[in-house]
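In order, the protein sequence lines correspond to chains A and B. The first sequence begins at 36 in our numbering and counts up by one. The second sequence begins at 186 in our numbering and counts up by one.
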Amino acid sequence: MNFKNLKRLAASGCTAAALYMATALPSLAQDAAPAPTLNTGDTAWMLTSTALVLLMTIPGLALFYGGMVRKKNVLAVLMQCFVTTCLVTVLWMVCAYSLAFTTNPIEAYQPYIGGLDKLFLAGVGKDSLTGTIPESVFMTFQMTFAIITPALIIGSIVDRMKFSSLLFFMALWLIFVYAPICHWVWGGGFLSGAGVLDYAGGTVVHINAGIAGLVACLVLGRRSGYGAENMAPFNLVLTVIGASLLWVGWFGFNAGSAVASNGSAGMAMAVTQIATATAALAWMFSEWLVHGKPSVLGIASGAVAGLVAITPASGFVDPKGALVIGAAAGVGCYICATGLKKLLGYDDSLDVFGVHAIGGVIGALLTGVFAVEAIGGKTGLLEGNFAQLPIQAYGVLATILWSGAATFVILMVLKFTIGIRVTEAAEIEGLDVALHGESVQ
Amino acid sequence: MKLITAIIKPFKLEEVRTALTDLGLQGMTVTEVKGYGRQKGHTEIYRGAEYAVSFLPKIKMEIVVPSAQVDRALEAIQRSAKTGQIGDGKIFVSPIEHTVRIRTGEADDNAL
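1) The region 225–236 of chain B: which residues have C-beta closer than 9 Å to a C-beta of chain A, in chain order?
2) Quick one: complete alpha helix (DSSP H) runs, 4+ long, within the region 160–214 of chain A?
3) With a Cβ-Cβ cutoff of 8 Å, do Val390(A) and Val343(A) count as a contact?
4) Does Met128(A) come out as helix, strand or coil in the three-state DSSP assignment?
5) May I ask you to report which of helix, strand or coil DSSP gives Pro242(B)?
6) Could you pull the start and end residues of the beta strand (DSSP E) that Glu229(B) belongs to?
7) Using three-state DSSP, classify Ala263(A) as helix, strand or coil.
8) Could you give the residue range of the beta strand (DSSP E) that holds Ser279(B)?
9) Please report the straight-line C-alpha distance between Ser321(A) and Tyr144(A), rounded to a whole angstrom.
10) For the putative contact between Gly277(A) and Phe405(A), defined by C-beta atoms under 8 Å, what is the C-beta separation to the nearest angstrom?
11) Could you list which residues in chain B have their beta carbon closer than 7 Å to that of Ala1(A), in chain order?
12) Relative to chain B, which residues along the region 227–260 of chain A have a C-beta separation below 9 Å, given in chain order?
13) I want to check one thing, is the minimum distance from the CB of Leu126(A) to the heavy atoms of the ligand FMN below 7 Å?
14) Using the three-state DSSP reduction, which class does Ala67(A) fall into: helix, strand or coil?
15) Which term fits Ala237(B), buried or exposed, when burial requires 16 or more other beta carbons within 10 angstroms of its beta carbon?
16) Does the CB of Pro268(A) have a neighbour CB from chain B at under 8 Å?
17) Where does Val255(B) fall in DSSP's three states?
18) Near Gly472(A), what residues of its chain come up, given a Cβ to Cβ distance below 7 Å and the 5 sequence neighbours on each side ignored?
19) What does Gly374(A) touch in chain B if you count any residue whose Cβ is under 8 Å from its own?
20) Where Ile445(A) and Trp437(A) are concerned, what is the direct C-alpha to C-alpha distance, given to the nearest angstrom?
21) Alpha carbon to alpha carbon, what distance is there between Ala335(A) and Cys368(A)?
22) Locate the beta strand (DSSP E) running through Val218(B), then write down its first and last residues.
23) What does Glu235(B) pair with, by DSSP beta-bridge criteria?
See below:
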């Protein structure tokens with residue numbers, strides 16, 4: 036980009052951006068003075084990150100989940116992930132971006148939900164800036180987060196949810212659950228005001244989706260034949276490819292959350308890699324110890340648990356902290372996805388709760404322990420800041436309460452209107468044929 | 186004529202085929218099948234959920250031979266398919282009434 040262009044951009048967009056930054060992005064606000072101009076390095080990295088995060092859902096998550104269900108439901112899972120991507124994209128453009136990332140004109144509501152100024156992306160032009168990057172890039176980057184969060188919930192409802200009902204659920208959940216919680220943490224809402232640290236979405240994305248997944252599988256009920264029939268994964272090769280794509284895409288998720296191409300992004304990338312590998316090993320060794328064999332599904336699941344747990348911490352902890360967070364997530368999520376699930380008997384089919392909620396909580400709380408000033412400018416328990424851990428717990432609790440309650444209400448409304456579960460005949464036949472008229476040979 | 190049906194371990198297929206070909210026997214039909222005998226199955230564990238897999242993959246080999254060659258064929262299969270481990274499989278022999286080669290119309294031993 037030549038200098039003339041840069042000057043033009045700076046002149047037209049920076050005032051609005053500076054205002055925006057001061058209110059909506061407190062984590063960036065300290066960098067906001069003097070008024071920011073477009074930085075091509077930051078922009079290039081954020082364009083890349085956006086593509087990486089989209090890659091996490093399609094095909095990453097779709098394959099990760101698709102490989103774990105039975106052969107008769109593989110296409111249905113791919114379809115659910117794909118349609119969620121499309122539906123959320125449209126709704127994000129229509130209203131959810133505005134609800135999450137604008138300032139509510141009514142001051143009393145601002146802590147809870149944004150305004151309607153940017154419905155249909157009004158005012159998001161070629162030259163508008165968010166920080167040092169075009170707002171179009173920031174909006175699309177955040178869109179990919181909004182896509183993967185409801186898509187994660189699919190893991191708990193596979194094999195049995197009505198497709199039409201799923202569409203309504205995804206739409207309502209995005210607007211009434213994701214957009215507000217996103218606003219609380221990243222849109223200048225009350226959790227960011229309270230000082231909750233969530234670098235890339237431990238609360239907003241993972242605890243949120245994990246709790247919604249638990250509620251959804253409880254409301255929906257178990258798969259028919261659960262506990263009696265063989266529900267072994269269709270093809271773990273797909274699952275490993277999916278987990279690996281999630282891992283790669285997660286660099287966009289965490290290092291991209293720096294919203295800049297700088298040292299914070301680099302450190303976020305490093306700790307992401309370290310925590311993920313540690314958690315994968317921790318899950319593998321736990322399973323080896325308990326069940327006698329280190330499994331492929333186990334090491335892949337452990338990697339995802341580590342990715343989840345380092346997410347809120349990634350801009351705040353150093354590599355040693357990442358090591359502990361990874362180990363805790365690997366062991367903790369292993370125990371919950373295997374032992375706890377069996378003990379309580381719920382059919383969270385692909386362990387959305389066990390991996391994302393538990394991993395998210397471990398990560399969010401340990402951020403309050405291992406945050407170091409030298410990395411993210413915030414201190415945790417280990418540096419003598421006893422206040423951060425309770426603040427983190429407050430963020431976790433607020434997310435659990437809203438996500439749990441609102442998800443429950445949405446599902447109950449759907450249950451008593453259009454119904455949420457397929458017929459037993461369709462479930463036995465498999466959703467691929469029953470709902471989509473296709474099958475995998 | 187006799188039909189020899191042999192259930193064998195999949196990785197032994199090539200050895201058995203070679204042993205039968207060496208006897209001058211031509212042609213066979215094989216099918217990938219699943220089943221269990223004394224070997225029973227095994228257990229698979231996915232995130233703590235245990236599933237008993239009773240049916241193990243095997244190869245079912247069908248070959249029709251002139252009655253005079255049955256004993257040699259059985260000996261060849263047994264020798265080449267044997268590992269000495271449980272799960273080596275079984276051989277069944279049953280009579281065949283009539284055989285026709287579709288292309289030429291040849292019948293019985295001439296069609297084998």
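Don't be surprised by glycine CBs; every beta carbon is placed ideally from N, CA and C.
According to the structure data:
1) Answer set for the region 225–236 of chain B: Glu229, Ile230, Tyr231, Arg232, Gly233, Ala234, Glu235 and Tyr236.
2) 170–192 and 198–208
3) Translated into positions along the first sequence, residue 390(A) becomes position 355. Translated into positions along the first sequence, residue 343(A) becomes position 308. Closer than 8 Å, so yes.
4) As a working note, residue 128(A) is residue 93 in the first sequence. Residue state, collapsed to three classes: helix.
5) Position 57 of the second sequence, counted from the start, is the residue given in the question as residue 242(B). Strand.
6) Taking the second sequence and counting its residues from 1, the one referred to as residue 229(B) is at position 44. Residues His227 to Tyr231.
7) Your numbering for residue 263(A) matches position 228 in the first sequence. Residue state, collapsed to three classes: coil.
8) To locate residue 279(B), count along the second sequence from 1; it is residue 94. Residue range Gly274 to Pro280 is occupied by the beta strand (DSSP E) that includes Ser279(B).
9) By 1-based counting over the first sequence, the position of residue 321(A) is 286. By 1-based counting over the first sequence, the position of residue 144(A) is 109. Rounded to the nearest angstrom, the two C-alpha atoms are 46 Å apart.
10) Mapped onto the first sequence, residue 277(A) falls at position 242. Mapped onto the first sequence, residue 405(A) falls at position 370. About 29 Å separates the two Cβ atoms, so there is no contact after all.
11) Since the first residue shown for chain A is 36 and the last is 476, residue 1(A) is missing from the structure and cannot be characterised.
12) none
13) No copy of the ligand FMN appears in this structure; indeed no ligand is present at all.
14) By one-based count along the first sequence, residue 67(A) stands at place 32. Confidence in Ala67(A) is poor, its pLDDT being 49 and thus under 50, which makes the residue's placement too unreliable to answer from.
15) Residue mapping note: residue 237(B) aligns to position 52 of the second sequence, counting from 1. Exposed is the call here.
16) As a position in the first sequence, residue 268(A) is number 233, starting the count at 1. True, the Cβ-Cβ gap to chain B drops below 8 Å.
17) Mapped onto the second sequence, residue 255(B) falls at position 70. Note: Val255(B) maps to helix in three-state DSSP.
18) Locating residue 472(A) in the first sequence gives position 437, counting from the first residue. Answer for Gly472(A): no residue qualifies.
19) As a working mapping, residue 374(A) is identified with position 339 in the first sequence. The answer, in chain order, is Gly233.
20) To locate residue 445(A), count along the first sequence from 1; it is residue 410. To locate residue 437(A), count along the first sequence from 1; it is residue 402. About 12 Å.
21) By one-based count along the first sequence, residue 368(A) stands at place 333. By one-based count along the first sequence, residue 335(A) stands at place 300. One C-alpha to the other measures close to 12 Å.
22) Indexing the second sequence from 1 puts residue 218(B) at position 33. That run of the beta strand (DSSP E) goes Thr214 to Gly220.
23) Within the second sequence, residue 235(B) is the residue found at index 50, counting from 1. Paired residue(s): Ile230(B).
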